Amino acid sequence: MGEMSNFQLGVIGALFLSVASSVSIVICNKALMSNLGFPFATTLTSWHLMVTFCTLHAAQRLNLFVSKSVDLKTVMLFGILNGISIGFLNLSLGFNSIGFYQMTKLAIIPFTVLLETIFLKKQFSSKIKFALFLLLVGVGIASITDLQLNFVGTILSLLAIITTCVGQILTNTIQKKLNVSSTQLLYQSAPFQAAILFVSGPVVDQMLTKQNVFAYKYSPVVLVIFNPHHVLYLN
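In the UniProt record's numbering, the protein residues as written are 1 to 235.
And the structure:
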């Protein structure tokens, strides 16, 4: 009983930390892009992923997890696709309200199920389908009533949904096929995720915002937010 209680407390603690860090990341990202005048979402995401890789590398060196090799072609394609999907999600946050961004993330669930049903021939129960239908209705109502809804933000959200759905399906497929954990896969793919966004970030950000990230003047407030911001991204 004692071991089971400790396990349950550990799971609850991990879930709480995950939710708290995710909410904090969204708030920090939105504050940087909307309130503090740092609209470079794609470039910001590349920095996140660089910090993620460096931290995972340190964790691997400390034997907190065991690294497992994945063939270069697979990990490269996965890393690029996953990096693009994360970039689109952050761009969606930059061009939409936090509420619409959260609706975008919720919409990923039913669309992933739809893709798995069509292409992987997976079967889901009627209860699951009904629950997802209600979720989509809620997303639709919230989207229609969002006063900040705009064309660019909507397109970015749709691209985020598509790329993230494909990325999640690919993640599950690779993990099962190669018997690797999510941490092992992230460790191998994070450099490619960071690289694609680091190269494309300044160009994409300038196209969408008409501003140059290299000309940005960093205020003390922005620099203060950056440090804990990157730490939160790791959880």
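Each residue gets a CB set at the ideal place from its N, CA and C atoms; glycine is no exception.
Fair warning: this is a prediction, and the values are worked out from it, not measured in the lab.
Can you give the Cα-Cα distance for residue i and residue j, rounded to whole angstroms?
| i | j | result |
| --- | --- | --- |
| residue 112 | residue 168 | 8 Å |
| residue 79 | residue 199 | 14 Å |
| residue 127 | residue 40 | 41 Å |
| residue 53 | residue 114 | 32 Å |
| residue 57 | residue 188 | 10 Å |
| residue 16 | residue 202 | 34 Å |
| residue 133 | residue 109 | 11 Å |
| residue 148 | residue 96 | 6 Å |
| residue 129 | residue 122 | 12 Å |
| residue 219 | residue 83 | 27 Å |
With respect to the alpha helix (DSSP H) encompassing residue i, which residues constitute its N-terminal and C-terminal limits?
| i | result |
| --- | --- |
| residue 152 | 151-178 |
| residue 75 | 72-95 |
| residue 111 | 98-119 |
| residue 139 | 126-144 |
Among the options, whose alpha-carbon lies nearest the alpha-carbon of residue i?
| i | options | result |
| --- | --- | --- |
| residue 47 | 67, 153, 132 and 90 | 90 |
| residue 215 | 99, 75 and 37 | 37 |
| residue 45 | 165, 176 and 93 | 93 |
| residue 170 | 116, 203 and 107 | 116 |
| residue 68 | 58, 158, 183 and 34 | 183 |
| residue 55 | 131, 143, 149 and 190 | 190 |
| residue 142 | 49, 60, 107 and 87 | 107 |
| residue 30 | 134, 84, 151 and 102 | 102 |
| residue 185 | 20, 50, 70 and 59 | 70 |
| residue 162 | 104, 205, 75 and 173 | 104 |
| residue 222 | 28, 176 and 64 | 28 |
| residue 195 | 34, 75 and 66 | 75 |
| residue 81 | 213, 206 and 164 | 164 |
Would you identify the three-state DSSP class for residue i, choosing helix, strand or coil?
| i | result |
| --- | --- |
| residue 182 | helix |
| residue 37 | coil |
| residue 204 | helix |
| residue 212 | coil |
| residue 218 | coil |
| residue 21 | helix |
| residue 46 | helix |
| residue 62 | coil |
| residue 189 | helix |
| residue 15 | helix |
| residue 8 | helix |
| residue 122 | coil |
| residue 68 | coil |
May I ask whether a heavy atom of the ligand MN can be found less than 7 Å away from the beta carbon of residue i?
| i | result |
| --- | --- |
| residue 65 | The ligand MN is not part of this structure, which contains no ligands at all. |
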